[in-house]
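The block underneath contains the structure these notes are about, expressed in structure tokens.
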Amino acid sequence: MPQRSTIAVRNLPELTTELDIKTFFDSRIKHAETKVFPLVYDTQRLAGKLKCTTVELSHSIRERALRLNAEDFIPSAGGGKTKIEIDAALTGAVTLASHNSPEYDLYFVHGVGGNLFSSWVSQNGHMWPRDSFPEQSINLGVRGRFSTIGYDAKVLDGGQPKTIQNAAEAVMGYVRTDRPPDCKRPIFFVCHSLGGIVVTQALALALAKPANKPEYQFIQHMVRGVAYFGTPFQGSRNADFLTPFVSVLGGFTRMNTNFVGELKTFSSNKLPNLMMIFNNLRVEEGIEILVFTEKQPEGPAKVTTKTSATLPFHPKVVPIEIDANHTKMVKFASGNDSRQIITEIVNMIKRKLGVSDEEVLPGFSSVSISPVPVLPVPSIPSPGEGKDNNEGFGRLSQFDTLFIIDDTGSMQLPADSTETATNDTKSRWNVLTRSLQYIANIAAQYDEDGVDIRFLMSRQLNQTNLKNGQQVLNLLRRVDLTKGQGGTYFEEALAPILGSYVARYKRYFDALTRQEVAAEVKPLNVIVVTDGADDDEEATEDLLVDIGGKLDAMSAPRSQVGIQFLQVGDDKKAAEFLKRLDDDLKKKYRIRDFVDTKTFEDIADGQDFADHLRKILLGAVNRKLD
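Per the working numbering: the sequence shown ends with 1356, consecutive numbering throughout.
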């Protein structure tokens, strides 16, 4: 695999898109091969709503990319001109992803000889703090903001090598400047190797009573948990073997070996004293600890063992072994590889936040998109157009719109079953992609929050707050249908969304019953785009009956929740099943009629979309359009 480099890009206007960034580099540098990751608001720029991102590109053109720093940058959608800032110092805090209204901040701190990106990236390019953790966190019920911190172990300080305390002070400074003033979000850390010692030293400095310095006041009572990966709290007599790795990775042997020396138990008594101080502080502050150790040696022996990694916390902390060596224990190749580890960390976060499993809310907002060429979108009705505000598109503004996309293997079949599959045949996925571009474009125009997209199979691509059809199209182009094997199960996709929503509405209903003031719960409009073939029809039907019954029991408005099944293709058996959901649930189980089904033929030139699209988007929440 060709060597790749990651750079940080800042000072971007609010309307900047991933495609704008890719175009900026690709138009100036041949063979840049840029990959743009999520754009997030830059909390270090408080003067306005500026964004930042990270860009991965070919290592051979890294220096040319850095020379573009301070060039004029204007987003394609307008919004003002700025001087783009391009940085490869690899120090400070860089936000990788963020959910809407995050409930916690999570900082990843690297270890010996690493940096804020490479330490967490596997050989295939997967960076689990960015590519897996945010999605799994939201699936487990908590919204977060995810950042990686780089500290410089190579810079001379007054002619002397930096020490662990210097790095600890720097890390605290990066966290302070990364968080908005008066931010009350709880803080969690994930640390690898020496990064665990650095964070422990930082917290010992910052949490001392009274705080050693005024600049540490921001973190008082904010830290709730730390996950340590391969951190040798007892020191490591095997730390010498890391020195050649540090020399290669860092480039400055003398300075990095100064860090390594502090890992050895025979060097001084600083580490035992530090752990004694921190252990007392963490008990006072209620900071929860997770400890992970490597199972395989790196070189002649392990850097940490179960004893050296947990001694200060013994016997209350039970270590979790990872079947890898010290370096690779934080380099997971896929979401499946990191799933158990992430679950352990998220469960700790949930315990400290007091979040129960029934409070899962959909809403992931930061997933990287590989831009694709823009396709023309036909004109759509503007706000205010339509028969009236109830039957026109304007009513979409009253709902949160969420699309569930069927990306299983059957979507590769021809949309018209009478046709023989050829290169010119339109598949069900072709129809879905083209149709959804228009549908989502309308929904996003009327919903200021944008629309949410969920996939049956490609859950790593789930995203919220998409503002137009082109963004939806970009996302759909990333789906690999050849991996969509294993069956179609609507219940698995609908259950967490509807279950958490009804639980939230019940809290609102209970508050009203107690005559308490409560914020209204915005109605939910779910649109399932599918070829209609469900491999567990009974489970889906049971779920819908249960949800309908719960809404009825609370006397929720008829339009509080609507579920529209939009069928592409002409599978007759699937169409019959969807029709039963539409027509029979109310009669058979005496529940509300909140399910609707429609078909969407491929878009033809000259077709009048308005009435048909209105029924698709509002048919499940407006009986007049059913």
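Ideal Cβ placement from N, Cα and C applies to all residues, glycine included.
Where does residue i sit, in a helix, a strand or coil, going by DSSP?
i     : result
S1165 : helix
A957  : strand
G1065 : helix
F754  : helix
N869  : helix
M1006 : helix
S698  : Past the boundaries of the shown model lies residue 698; the chain is included only from 731 to 1356, so the question cannot be answered.
I804  : coil
T747  : coil
I1321 : coil
R1184 : strand
D861  : helix
N1171 : helix
Y946  : helix
V739  : strand
K914  : coil
N1255 : strand
Q1297 : strand
T821  : coil
S877  : strand
K1213 : helix
From which residue to which residue does the alpha helix (DSSP H) around residue i run?
i     : result
L1274 : 1267-1283
L796  : 792-796
F1307 : 1302-1313
R906  : 894-908
Which two residues bound the contiguous beta strand (DSSP E) that contains residue i?
i     : result
G926  : G926 -> not in any beta strand (DSSP E); alpha helix (DSSP H) instead, spanning 924-936.
F1129 : That residue, F1129, is in no beta strand (DSSP E); it is neither H nor E in DSSP.
L1205 : Where L1205 is concerned, there is no enclosing beta strand (DSSP E), although the alpha helix (DSSP H) it sits in stretches over 1199-1206.
I1227 : Where I1227 is concerned, there is no enclosing beta strand (DSSP E), although the alpha helix (DSSP H) it sits in stretches over 1220-1243.
Y834  : 834-839
E1051 : 1050-1052
K1376 : This structure does not reach residue 1376, given that the chain is present from 731 up to 1356, and the question cannot be answered.
N1195 : 1193-1196
L1020 : 1018-1024
With a cut-off of 8 Å on the beta carbons, I'd call residue i and residue j a contact; round off their distance for me.
i     : j     : result
V1076 : L870  : 5 Å
S877  : D908  : 6 Å
R915  : P832  : 6 Å
L1273 : L1224 : 6 Å
F1123 : L1347 : 7 Å
G1349 : R1322 : Contact doesn't hold; Cβ gap of about 15 Å is too wide.
T746  : D756  : That pair is no contact at about 15 Å.
L787  : S852  : With a Cβ gap of about 18 Å, L787 and S852 do not count as contacting.
L1001 : A934  : In fact, because the Cβ distance is near 11 Å, the residues do not count as touching under 8 Å.
Q931  : A957  : Going by Cβ atoms, the distance from Q931 to A957 rounds to 17 Å, so no, they are not a contact pair.
Within the same chain, show all residues whose beta-carbon is closer than 6 Å to that of residue i, passing over the 5 residues directly before and after it, in chain order.
i     : result
T1329 : Q1297
L1132 : D1182, V1256
N1352 : none
S867  : G874, V1076
E1246 : none
P805  : P743, L745, T746, D750
H1044 : Confidence in H1044 is poor, its pLDDT being 49 and thus under 50, which makes the residue's placement too unreliable to answer from.
Y904  : G822, A823, I879
F948  : R906
Could you tell me whether the Cβ atoms of residue i and residue j are closer together than 7 Å?
i     : j     : result
T721  : F1220 : No answer is possible for residue 721: it lies beyond the span of the chain, which begins at 731 and ends at 1356.
I737  : I791  : no
D1314 : D1261 : no
I688  : V953  : Since the first residue shown for the chain is 731 and the last is 1356, residue 688 is missing from the structure and cannot be characterised.
M1006 : F963  : no
M1187 : D1240 : no
Y834  : F919  : no
L1196 : G1180 : yes
V872  : V901  : no
F767  : T783  : yes
Q1362 : P1253 : Because the chain here runs from 731 to 1356, residue 1362 falls outside it and cannot be looked at.
Apart from the five residues just before and just after residue i, which ones in its own chain have a Cβ nearer than 7 Å to its Cβ?
i     : result
E1074 : L1020, I1050
A1334 : With a pLDDT of 42 at A1334, under the threshold of 50, the predicted position of this residue should be treated as unreliable, though the coordinate-derived value follows. Cβ neighbours of A1334 beyond the five flanking positions: none.
S1064 : H856
F1307 : G1262, D1264, E1267
K779  : E744, Y771
T821  : G880, Y881, D882
A1286 : Y1235
Q733  : H789
In its own chain, which residues sit with a C-beta less than 8 Å from the C-beta of residue i, not counting the 5 before and 5 after it?
i     : result
E1178 : S1127
D1053 : K1025, Q1026
K1236 : K1280, M1284
N799  : I814, E815, I816, D817
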